[in-house]
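In what follows, a single structure is set out as structure tokens and then discussed.
Protein chains: 2
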Amino acid sequence: MSGVVRPEDGSMRELLRVGPGPVDLAAIDPRSTPGLPRAAGRGSARKEWARSQVELIGAELGRQQEMLYAAAQVAAGPGGATSAPTQAGAALAGNRPRRVLLVLQAMDCGGKDGTVKRVAGAMNPLGLHIRSFGPPTKQELRHDFLWRVRRALPPPGYVGVFNRSHYEDVLIARVEELVDEATWRARYEIINDFERELAEQAVTVVKVMLHISHAEQGERLMERLTDPTKHWKYNPSDLDTRARWDEYQDAYAEALRRCGTDAAPWFVVPADRKWFRDWAVAHLLRETFDSLDLGYPAADFDVERERARLRDQGSE
Amino acid sequence: MSGVVRPEDGSMRELLRVGPGPVDLAAIDPRSTPGLPRAAGRGSARKEWARSQVELIGAELGRQQEMLYAAAQVAAGPGGATSAPTQAGAALAGNRPRRVLLVLQAMDCGGKDGTVKRVAGAMNPLGLHIRSFGPPTKQELRHDFLWRVRRALPPPGYVGVFNRSHYEDVLIARVEELVDEATWRARYEIINDFERELAEQAVTVVKVMLHISHAEQGERLMERLTDPTKHWKYNPSDLDTRARWDEYQDAYAEALRRCGTDAAPWFVVPADRKWFRDWAVAHLLRETFDSLDLGYPAADFDVERERARLRDQGSE
Chain C
1 MSGVVRPEDG SMRELLRVGP GPVDLAAIDP RSTPGLPRAA GRGSARKEWA RSQVELIGAE
61 LGRQQEMLYA AAQVAAGPGG ATSAPTQAGA ALAGNRPRRV LLVLQAMDCG GKDGTVKRVA
121 GAMNPLGLHI RSFGPPTKQE LRHDFLWRVR RALPPPGYVG VFNRSHYEDV LIARVEELVD
181 EATWRARYEI INDFERELAE QAVTVVKVML HISHAEQGER LMERLTDPTK HWKYNPSDLD
241 TRARWDEYQD AYAEALRRCG TDAAPWFVVP ADRKWFRDWA VAHLLRETFD SLDLGYPAAD
301 FDVERERARL RDQGSE
Chain R
1 MSGVVRPEDG SMRELLRVGP GPVDLAAIDP RSTPGLPRAA GRGSARKEWA RSQVELIGAE
61 LGRQQEMLYA AAQVAAGPGG ATSAPTQAGA ALAGNRPRRV LLVLQAMDCG GKDGTVKRVA
121 GAMNPLGLHI RSFGPPTKQE LRHDFLWRVR RALPPPGYVG VFNRSHYEDV LIARVEELVD
181 EATWRARYEI INDFERELAE QAVTVVKVML HISHAEQGER LMERLTDPTK HWKYNPSDLD
241 TRARWDEYQD AYAEALRRCG TDAAPWFVVP ADRKWFRDWA VAHLLRETFD SLDLGYPAAD
301 FDVERERARL RDQGSE
């Protein structure tokens, strides 16, 4: 199948899945390469191999994405294409067209932007719905923490990517004490309910933590401080966050442990090696699409009659 | 410069510009290849050459796009990234970060989706803001025709792509008589005012008509009726529209003639050859970016001090 080599020792969904139950992030080596097949070769050759595999997987993802999109277009009826965000509540389960949502979380410099560029960039931008979450605006703070998340969901037929997400509300909100403990503690269950609701509404959620080491973060921050074309990515507050590394790791571990459900599983991708990170996320998406068993929708018109009409109009 | 070969006989912006003033679409051959350099070779080799050039131009566009994005991030302040649509009225001129907006119009099968896939697909999806316009919804019909367009504008720092646009309101609305003549006649000036307003708000608009022939449209429609994986792209009403080809060409010619302004110029891209279409649009975007003279923003923090802080935290 188009030169794509499958992971070894199982699917990436099996190899990288964590939770529910205890998660020990310190036991997952950020430089490890689970599932990488022997075909990748050794040393620096692996990087080139992985990059070319991501291109090939991307072409497959593009085909799957088109089928997802096509189903939604046909379901919406003539001219029914929509690119407007759809309210979660408006899309019922059953025959509603499916959506896929990739949730990316990581410490600063963890590679969220790079993953979007390389993996989402290999798909058709027409079918992508990418949303980044920064600090909540005044308007957003007037609503519950999921309000802005519901508004950012991909419409039916789209592949959504969340660059950060509602998990910040149990990560930064917890570590920086933006809300009291009772409030963030209650959020794990609220998130699980929300994600179960998404599953019922035909939204397939893939949650990925890009797992980097403290040392790798230090190197990448120094790079941003050294290369003037990267200064814009740096913010002095990044070092305050870095100083609380262990607290953030604890917060991540608890989020993974409590919200790694079957309805919306969490995957930890070792991310110190960028080429492995992209390769692993591409396979996670490919396997997710494969499990959906998508196909092109049948014509909802009389094909032969339309061919005759077209010929009568003198196209040939 | 990275292997990108410039167009011959002038820039694509010069070669493809039409309006203001009379536009004779029948005089523009949809199979022509203006600006294609001798380096492209002959026959089928040109296609491969153009495809590889689009990749190279895409890498340049990606760098330009990053500078656009970086400027907006820095202007927004710490954590100020936003992917939410910005009201046109909220972004003032002056030091406001720039946005670029590519408007794509074409007859059915003209290649709008393909252009998005190939040209926008060569950029970083994180900085793209793609919006498709179908028939107006009930809610949209309760407002003036530009209401939904203003809401779909790219935020500062983003490259927007309109897949169809407010021009449908002087194209399909005119030919299918969805509004009376006085109404659509008044829209040309309303559009010119709107686009002048955009220019003042640092939105650089590039309007492209993908120009295909009646025969090519017939072949592409037949392909959609022949290949089951393309049935979903076909709609029986496409043939009703095709039957009014000349009326649509007249409506296009008037829109180009009346709205091909210096503030928001129109370009006609011969589009029967897909590889030429993509190559031409990629160059139009590249030339547009070049004219903006973008650069990376300077650090708004003390770089040496931050490097010292990072070292003190023990990154190395």
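One line per chain: the protein sequences are C and R, in this order.
Residue 117 in full-length UniProt numbering sits at position 117 of the first sequence, and the numbers go up by one each step.
Residue 214 in full-length UniProt numbering sits at position 214 of the second sequence, and the numbers go up by one each step.
Think of the CB as a built atom: it goes at the ideal place given N, C-alpha and C, for glycine as much as any other residue.
Computed from a prediction, not measured in an experiment: that's the story for all the values here.
Practice item. Excluding the 5 residues preceding and the 5 following M222(R) in the sequence, name in chain order all residues of the same chain whose CB lies nearer than 8 angstroms to its CB. Key: The count along the second sequence starts at 1 and reaches residue 222(R) at position 222. Answer for M222(R): no residue qualifies.
Check your understanding: If you follow the beta strand (DSSP E) that K207(R) is part of, which residue opens it and which one closes it?
Key -> If you number the second sequence from 1, residue 207(R) lands on position 207. Taken as a continuous stretch (DSSP letters only), the beta strand (DSSP E) holding K207(R) covers 203-211.
Review point. So, do the segment 261-278 of chain R and the segment 197-212 of chain R have three or more beta carbon pairs nearer to each other than 8 angstroms?
Key: yes
Exercise for review: Kindly say whether G111(C), judged by its beta-carbon, lies nearer than 9 angstroms to any beta-carbon of chain R.
Suggested key: Within the first sequence, numbered from 1, the residue matching residue 111(C) stands at position 111. Chain R contact via Cβ: absent.
Check your understanding: Looking only at DSSP bridge pairs, what is A163(C) linked to?
Key -> Position 163 of the first sequence, counting from 1, holds the residue named residue 163(C). In the sequence as displayed, the identity of residue 163(C) is Asn instead of Ala. DSSP, once it has assigned bridges, lists L104(C), S132(C) as partnering N163(C).
Review point. Is the CB of W232(R) under 9 angstroms away from at least one CB in chain C?
Key: In the second sequence, the residue the question calls residue 232(R) occupies position 232. Answer yes: the Cβ-Cβ gap between W232(R) and chain C drops below 9 angstroms somewhere.
Point to revise | CB contact check: M222(C) to chain R, cutoff 9 angstroms | key: Reading the first sequence from its first residue, position 222 is the one you call residue 222(C). At least one chain R Cβ lies under 9 angstroms of M222(C).
**Study point:** Where D9(R) sits in the DSSP three-state scheme
**Key:** On the second sequence, residue 9(R) is found 9 positions in, with the first residue counted as 1. Coil.
Check your understanding: Between the segment 97-107 of chain R and the segment 25-42 of chain R, do at least 3 Cβ pairs fall closer than 8 angstroms?
Key -> no
Practice item. Just mark E306(R) as buried or exposed, buried being the case when its beta carbon has 16 or more other beta carbons within 10 Å. Key: Here residue 306(R) is taken as the residue at index 306 of the second sequence, counted from 1. E306(R) is buried by the Cβ-count criterion.
Check your understanding: What do you reckon, are the CB atoms on E247(C) and V175(C) nearer than 9 angstroms?
Key -> Sequence index remark: in the first sequence, residue 247(C) carries index 247 (1-based). Sequence index remark: in the first sequence, residue 175(C) carries index 175 (1-based). Contact: yes.
Practice item. Pull out every residue of the segment 126-141 of chain C whose Cβ sits closer than 9 angstroms to any Cβ of chain R, in chain order. Key: L126, L128, I130, R131, S132, F133, G134, P135, T137
Practice item. Locate the beta strand (DSSP E) running through V179(C), then write down its first and last residues. Key: Numbered from its first residue, the first sequence carries residue 179(C) at position 179. V179(C) -> no beta strand (DSSP E), and no H or E assigned at all.
Check your understanding: Can a CB atom of chain C be found closer than 9 angstroms to the CB of P34(R)?
Key -> For this step, residue 34(R) is matched to residue 34 along the second sequence. With 9 angstroms as the cut-off, P34(R) does not count as an interface residue toward chain C.
Practice item. Keeping to the same chain, check which residues put their C-beta closer than 6 angstroms to that of G157(R); ignore five residues upstream and five downstream. Key: Within the second sequence, residue 157(R) is the residue found at index 157, counting from 1. L68, Y69, A72, P97, listed in sequence order.
Review point. Can the beta-carbon of P154(C) be found closer than 9 angstroms to that of G121(R)?
Key: Against the first sequence, residue 154(C) aligns to sequence position 154. Against the second sequence, residue 121(R) aligns to sequence position 121. It is not a contact, given that the beta carbons lie outside the stated cut-off.
Exercise for review: For G111(R), I'd like the list of residues in its chain whose CB is within less than 8 angstroms of its CB, leaving aside the five on either flank, ordered along the chain.
Suggested key: On the second sequence, residue 111(R) is found 111 positions in, with the first residue counted as 1. Once the five neighbours on either side are set aside, the close Cβ partners of G111(R) are L210, I212, A271, K274, R277.
Exercise for review: Compare the C-beta of G80(C) against all C-beta atoms of chain R and say whether one is closer than 9 angstroms.
Suggested key: The residue you call residue 80(C) lines up with position 80 of the first sequence. Only weak support exists for where G80(C) lies, its pLDDT of 48 falling under 50; the coordinates are left without a value.
Check your understanding: How about R242(C): is its C-beta nearer than 9 angstroms to some C-beta of chain R?
Key -> For the purposes of this step, residue 242(C) is taken as the residue at position 242 of the first sequence. At least one chain R Cβ lies under 9 angstroms of R242(C).
**Study point:** Chain-ordered chain R contacts of A70(C) [CB-CB under 7 angstroms]
**Key:** Locating residue 70(C) in the first sequence gives position 70, where the first residue counts as 1. Within 7 angstroms Cβ-Cβ: W232.
Check your understanding: When you compare only the Cα positions, how much space is there between I57(R) and D250(C)?
Key -> Mapped onto the second sequence, residue 57(R) falls at position 57. Mapped onto the first sequence, residue 250(C) falls at position 250. Spanning the two alpha carbons is a distance of roughly 44 angstroms.
Check your understanding: Looking only at C-alpha atoms, which of Q139(C), K138(C), F162(C), M123(C) sits nearest to I130(C)?
Key -> Stepping through the first sequence from its first residue, residue 130(C) is reached at position 130. Cα-wise, what sits closest to I130(C) is F162(C).
Point to revise | C-beta neighbour in chain R for G89(C), strict 9 angstroms | key: Sequence index remark: in the first sequence, residue 89(C) carries index 89 (1-based). Confidence in G89(C) is poor, its pLDDT being 29 and thus under 50, which makes the residue's placement unreliable; the coordinate value appears in the next sentence. It does not; no Cβ of chain R falls within 9 angstroms.
Check your understanding: Whose C-beta lies closer than 8 angstroms to the C-beta of P37(C) among residues of the same chain, with five residues either side of it excluded?
Key -> Numbered from 1 along the first sequence, position 37 holds the residue referred to as residue 37(C). Answer for P37(C): V5, R6, P7, E8, listed in chain order.
Exercise for review: Please classify residue 321(R): is it buried, with 16 or more other beta-carbons within 10 angstroms of its beta-carbon, or exposed?
Suggested key: This structure cannot settle anything about residue 321(R), because the visible part of chain R is limited to 1 through 316.
Check your understanding: Bridge partners of R99(R), per DSSP?
Key -> Stepping through the second sequence from its first residue, residue 99(R) is reached at position 99. V203(R).
Point to revise | 9 angstroms Cβ cutoff, Q105(C) in contact with chain R | key: The residue given as residue 105(C) occupies position 105 in the first sequence. With 9 angstroms as the cut-off, Q105(C) does not count as an interface residue toward chain R.
Check your understanding: Is the distance from the Cβ of A40(C) to the Cβ of W49(C) below 9 angstroms?
Key -> The residue given as residue 40(C) occupies position 40 in the first sequence. The residue given as residue 49(C) occupies position 49 in the first sequence. A contact, by the Cβ cut-off of 9 angstroms.
Exercise for review: Ignore the nearest five residues each way along the sequence and tell me which others in L15(C)'s own chain have a CB closer than 8 angstroms to its CB.
Suggested key: Position 15 of the first sequence, counted from the start, is the residue given in the question as residue 15(C). Closer than 8 angstroms at the Cβ level, and outside the excluded window around L15(C), lie P7, D9, P34, G35.
Check your understanding: According to a CB-to-CB cut-off of less than 8 angstroms, which residues of the segment 279-308 of chain C neighbour chain R?
Key -> Y296, P297, A298, A299, F301, V303, E306, R307
Point to revise | 8 angstroms Cβ cut-off: residues of chain B touching V74(C) | key: No chain B appears in this structure, whose protein chains are C and R.
**Study point:** Collapsed DSSP secondary structure at F301(C) in the structure displayed
**Key:** Indexing the first sequence from 1 puts residue 301(C) at position 301. Correct three-state label for F301(C): coil.
Review point. Name the DSSP bridge partner or partners of R17(R)?
Key: By 1-based counting over the second sequence, the position of residue 17(R) is 17. Answer is F267(R), bridged to R17(R).
Review point. So the alpha helix (DSSP H) Q65(R) belongs to, where does it begin and stop?
Key: The count along the second sequence starts at 1 and reaches residue 65(R) at position 65. Per DSSP, Q65(R) belongs to the alpha helix (DSSP H) from 45-76.
Practice item. Within the same chain, show all residues whose beta-carbon is closer than 6 angstroms to that of P297(C), passing over the 5 residues directly before and after it, in chain order. Key: Locating residue 297(C) in the first sequence gives position 297, counting from the first residue. A70, A71, V74.
Practice item. Give the range of the alpha helix (DSSP H) segment to which K274(C) is assigned. Key: Taking the first residue of the first sequence as position 1, residue 274(C) is located at position 274. Start and end: 274-292.
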